[in-house]
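As given, the protein sequences belong to chains A and B, one line each in that order.
Counted the way my numbering counts, the first sequence spans residues 166 to 334.
Counted the way my numbering counts, the second sequence spans residues 111 to 667.
C-beta atoms are modelled at their ideal positions from N, C-alpha and C, and glycine is treated no differently.
All figures in this text were calculated on a predicted structure; none of them were measured in a lab.
Scroll down for the structure; my scribbles are underneath it.
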Amino acid sequence: MKDNGSVKRVIRKEDLTFLQKAYITEIAKGLRLTIGKIFQPKFTHNYPDEPWPFQPSFRGRPVLVEEDGIERCVACGLCSRVCPSLAIEVQASETELEKERYPIRFEINMIRCIFCGFCEEVCPEEAIVMSDEYLLAFYQSRDAIYGKDKLLMSTERLAKRLEFLRENR
Amino acid sequence: MVTITINGKQYQVDENQTILQAAVELGIEIPYFCWHPKLTVSGNCRMCLVEVEKMPKLVIGCMTKVADGMVVHTANDRVIEARQAIMEFLLINHPLDCPICDEAGECKLQDYAYNYSRGVSRFDETKVHKPKRVPLGPKVLFDAERCILCSRCIRFCEEVAGKPQLHFVQRGDHTTIETFPGEELDNPYSMNVIDICPVGALTSRDFRFRSRVWEMASTESICVGCARGCNTYLWTRNNEAMRLTPRINESVNSHWMCDYGRLETFKFVNEDIRLQEPMIKQDGKHIVVSWDQAIETAARRLKDFKPKEIAVIASPYTTNEDNYILQKFAREMTKAVSIDYPDHIKDGDEDDILIRADKTPNSTGLKLLGIRGDGKKTGIPEMMQAVKEKKIKCLIVMAEDVASDPAYEKVLSNAELLIVHTWSHNKTTALADIIFSASTYAEMHGTMTNFEGMVQQIKPAIITKGQNRALEGLNMSRWDKFGTQYDKWGRGPRRNARPGWEVFSQLANAMGGKFRYQSAEDVFREITEKIPAFKGLSYQSIGRLGAKAPVKEKIGV
Chain A
166 MKDNGSVKRV IRKEDLTFLQ KAYITEIAKG LRLTIGKIFQ PKFTHNYPDE PWPFQPSFRG
226 RPVLVEEDGI ERCVACGLCS RVCPSLAIEV QASETELEKE RYPIRFEINM IRCIFCGFCE
286 EVCPEEAIVM SDEYLLAFYQ SRDAIYGKDK LLMSTERLAK RLEFLRENR
Chain B
111 MVTITINGKQ YQVDENQTIL QAAVELGIEI PYFCWHPKLT VSGNCRMCLV EVEKMPKLVI
171 GCMTKVADGM VVHTANDRVI EARQAIMEFL LINHPLDCPI CDEAGECKLQ DYAYNYSRGV
231 SRFDETKVHK PKRVPLGPKV LFDAERCILC SRCIRFCEEV AGKPQLHFVQ RGDHTTIETF
291 PGEELDNPYS MNVIDICPVG ALTSRDFRFR SRVWEMASTE SICVGCARGC NTYLWTRNNE
351 AMRLTPRINE SVNSHWMCDY GRLETFKFVN EDIRLQEPMI KQDGKHIVVS WDQAIETAAR
411 RLKDFKPKEI AVIASPYTTN EDNYILQKFA REMTKAVSID YPDHIKDGDE DDILIRADKT
471 PNSTGLKLLG IRGDGKKTGI PEMMQAVKEK KIKCLIVMAE DVASDPAYEK VLSNAELLIV
531 HTWSHNKTTA LADIIFSAST YAEMHGTMTN FEGMVQQIKP AIITKGQNRA LEGLNMSRWD
591 KFGTQYDKWG RGPRRNARPG WEVFSQLANA MGGKFRYQSA EDVFREITEK IPAFKGLSYQ
651 SIGRLGAKAP VKEKIGV
């Protein structure tokens with residue numbers, strides 16, 4: 166008979182000790198490990214009741230930074246240009262404020278967004294950053310288009326991320 | 111001719127040229143801000159510095175004439191270093207607000223900063239602050255901080271527009287540009303300063319913040335504002351016309367176009383009053399119908415009229431192709447003898463730069479097609495008189511708002527059948543029995559003949575219902591290319607419109623004719639065969655810059 170190499174012959178250990186043969190001691194050993202682990206700290210997380218603590222480097226959904234009640238964004242359109250999945254649409258308009266220009270419409274299609282963070286990287290005003298929010302589920306595809314109402318997020322809420330960006334510039 | 115050496119290669123150039131002119135012609139890149147081929151040389155930006163052997167210092171290419179045996183270096187270390195220094199100087203007080211600036215993307219300073227600057231600034235001090243958002247005139251906004259003081263706009267107003275309205279004030283780094291006291295920048299060519307401004311100091315108030323330049327696609331087109339037919343780029347985004355800019359054509363408009371043409375000749379393409387679908391009148395109301403229904407209804411009702419009872423009004427606002435087919439349809443299918451077109455001449459509203467008193471782009475074309483001028487008295491007033499007396503009972507109107515004249519509005523209601531082919535709701539369509547929704551000049555192929563007999567082409571920049579940008583071969587922006595029908599930017603308005611040649615060919619076929627044209631080019635081919643004034647022309651020979659027919663025909667304008 167030829168051995169084709171894929172068949173393994175299992176050979177039982179012949180030289181088991183008496184205690185091993187008695188079986189019960191092996192069960193006790195196993196239980197010791199199990200019971201011992203019960204009193205050690207847990208690795209599992211009670212998600213979603215307990216939110217996961219994120220590092221500031223985490224890239225959640227992109228948001229617009231809101232400072233003193235207005236967006237920092239000047240609607241330059243660079244995020245829209247750099248977006249590899251064409252998720253961002255910006256329409257600029259004129260404002261009386263010193264920044265001259267603001268987005269009258271700013272929309273991110275969250276179905277298209279791939280969380281690459283290019284928009285954040287290219288933004289000359291640090292106006293669009295990746296937040297720590299990631300819960301995105303929709304019943305209608307049109308609900309996935311986030312306008313300014315859903316995108317604005319205050320600087321206080323984004324403090325950690327903004328600090329991280331400044332440190333790693 | 112003299113022989114010069116540029117970067118180690120010998121060239122034969124005209125001895126009256128400057129180094130920069132020669133380099134531009136030879137395709138050797140020398141950067142420049144203040145020099146412009148159509149303006150006098152001022153030599154104040156210093157960007158075109160080149161090294162000429164045996165000259166102690168670097169010289170500016172725009173001001174230095176070539177000489178026999180001259181040896182020029184445009185890219186050696188000395189020149190590169192000098193350019194970097196110039197760029198550093200220019201950027202000292204420049205605000206670097208590219209994210210806000212409308213010029214970004216088509217800015218010379220931005221391009222040169224990438225190509226010729228050091229990339230870093232050593233300037234730690236506070237920048238000089240100057241006024242921003244200054245309205246220089248009704249159409250142009252000025253940002254003094256961005257200005258690099260090249261003086262192109264000043265020279266343009268003086269030399270091309272013939273109205274010196276701008277000048278420098280203050281000294282040193284506080285120098286800025288103002289209009290002369292009590293004046294504003296309001297000459298009819300004022301918006302050309304926006305195009306020639308190498309930075310974003312002068313921007314359009316009309317186009318301000320409407321779109322970034324890289325979001326748009328540009329299509330070569332013709333301005334339909336007057337008989338000059340200036341060559342233009344029509345910029346579109348999301349199937350909407352956004353702006354017009356002049357396109358260089360030395361034999362028509364050089365580098366310029368007038369403000370009227372730039373602002374007033376493309377907005378009607380986007381307007382809400384555009385006809386969306388063909389319509390017919392039923393019980394005093396207009397109802398939307400399909401093209402087949404509209405054409406079939408028109409064909410059926412036209413058969414009730416004798417040739418004498420039918421009048422046809424052509425239009426110098428549309429193409430040669432449309433008018434030729436309309437004329438052919440009128441002569442062959444309806445046998446109508448009354449065919450003419452209204453003139454739109456604003457006496458006195460012309461100058462010797464570009465603007466013409468004739469406010470239509472194609473009246474010469476219509477004359478050459480022979481729509482008017484076989485000696486018969488069939489002018490618009492006579493036509494209207496006949497409609498009033500009920501001698502003419504049926505009117506076919508293309509692209510003209512005949513009822514905008516209040517005297518004619520009453521007369522037109524006498525007509526038993528009024529067929530209108532136009533692009534927007536107006537007083538004539540309100541009276542019409544059958545309305546064909548027409549493609550505008552931005553949505554079709556065709557040719558127009560300007561007042562000098564130059565036949566020029568228009569191409570579609572905007573698609574109509576059922577069309578696809580890629581399949582129609584239209585120019586596309588990144589958004590056009592990669593967007594899907596589910597994205598907003600792919601969902602711009604689309605009208606169910608067709609050009610005149612197509613509609614009247616189909617109408618002729620519905621009445622038993624044999625009008626076999628697949629495209630506007632087919633129609634033009636027939637025009638060149640039948641009409642001597644167009645002999646020898648083709649879409650290929652017209653190209654992007656237009657062409658005159660080889661046969662010299664007498665053109666009376």
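Using the beta-carbon of each residue, which ones in chain B are nearer than 7 Å to ALA257 of chain A? PHE319
Identified DSSP bridge partners for VAL379 of chain B: According to DSSP, which records beta bridges pairwise, VAL379 of chain B is partnered with nothing at all.
Are the C-beta atoms of LEU373 of chain B and some chain A residue less than 8 Å apart? no
Below 8 Å, how does it come out for the segment 120-133 of chain B and the segment 322-333 of chain A: are there three or more Cβ pairs, yes or no? no
Measuring alpha carbon to alpha carbon, tell me which residue in B:LYS418, B:HIS277, B:LEU436, B:TYR596 is nearest SER306 of chain A. B:TYR596
Please classify ALA252 of chain A as buried or exposed, where buried requires at least 16 other C-beta atoms within 10 Å of its C-beta. buried
If we ignore side chains and look at the alpha-carbon of each, how far apart do SER261 of chain B and ARG608 of chain B end up? 46 Å
Would DSSP call ARG315 of chain B helix, strand or coil? coil
Starting from PHE57 of chain B and walking both ways along the alpha helix (DSSP H), at which residues does that stretch end? It is not possible to answer for residue 57 of chain B, since the shown part of chain B is limited to 111 through 667.
Does THR444 of chain B come out as helix, strand or coil in the three-state DSSP assignment? helix
Counting Cβ pairs, one atom from each stretch, are 3 or more of them under 8 Å apart for the segment 420-437 of chain B and the segment 576-588 of chain B? no
I want to see whether chain B comes within less than 8 Å of CYS284 of chain A, judged by CB atoms only; does it? no
Whole-angstrom distance between ALA324 of chain A and PRO221 of chain A, CA atom to CA atom: 9 Å
Give the single residue among B:THR559, B:ASP296, B:ASP283 whose Cα lies nearest to the Cα of PRO274 of chain B. B:ASP296
Please report the Cβ distance between ALA571 of chain B and THR329 of chain B, rounded to the nearest whole angstrom; I am assuming they are in contact, meaning their Cβ atoms lie under 8 Å. 4 Å
Secondary structure of GLU231 of chain A, DSSP reduced to three states: strand
Would DSSP call VAL230 of chain B helix, strand or coil? coil
Out of A:VAL294, A:GLU328, A:ARG326, A:GLU321, which has the shortest C-alpha to C-alpha gap to GLY234 of chain A? A:GLU321
At a Cβ cut of 7 Å, what residues of the segment 199-231 of chain B count as close to chain A, listed as they run along the chain? PRO209, ILE210
Find the residues of chain A that neighbour GLY593 of chain B, judging by a C-beta separation of less than 8 Å, and give them in chain order. LEU251
Start and end of the alpha helix (DSSP H) containing ARG331 of chain A? 324-332
Looking at C-alpha atoms only, which residue of A:SER250, A:LEU196, A:VAL239, A:PRO216 is the closest neighbour of PHE280 of chain A? A:SER250
What do you reckon, are the CB atoms on PRO308 of chain B and TYR226 of chain B nearer than 8 Å? no
What do you reckon, are the CB atoms on LEU647 of chain B and PHE439 of chain B nearer than 8 Å? no
Given a threshold of 16 other Cβ atoms within 10 Å of its Cβ, counted over all protein chains shown, does VAL323 of chain B qualify as buried or as exposed? buried
So what does DSSP say about MET111 of chain B, is it helix, strand or coil? coil
Figure out for me which residue from B:ILE465, B:GLY480, B:LYS640, B:THR286 has the closest Cα to the Cα of CYS333 of chain B. B:ILE465
For VAL239 of chain A, would you say it is in contact with chain B, using Cβ-to-Cβ distances shorter than 8 Å as the test? yes
Which residues, in chain order, does the segment 322-336 of chain B contribute to contact with chain A at a C-beta distance below 8 Å? ARG322, TRP324, GLU325
What are the boundary residues of the beta strand (DSSP E) that includes VAL123 of chain B? 119-123
Can THR184 of chain B and THR128 of chain B be called in contact, C-beta distance under 8 Å? no
Kindly list, in the order they appear in chain B, the residues whose Cβ is closer than 7 Å to that of GLY201 of chain A. What GLY201 of chain A touches in chain B: nothing, since even the nearest Cβ is about 56 Å away.
How about GLY339 of chain B and MET564 of chain B: do their beta carbons lie closer than 8 Å? yes
Quick one: which residues of the segment 242-257 of chain B get their C-beta closer than 8 Å to a C-beta of chain A? List them in chain order. LYS242, ARG243
For the putative contact between CYS244 of chain A and ILE276 of chain A, defined by C-beta atoms under 8 Å, what is the C-beta separation to the nearest angstrom? In fact, because the Cβ distance is near 17 Å, the residues do not count as touching under 8 Å.
Would you say TRP366 of chain B and ARG353 of chain B are within 8 Å of each other, going by their C-beta atoms? no
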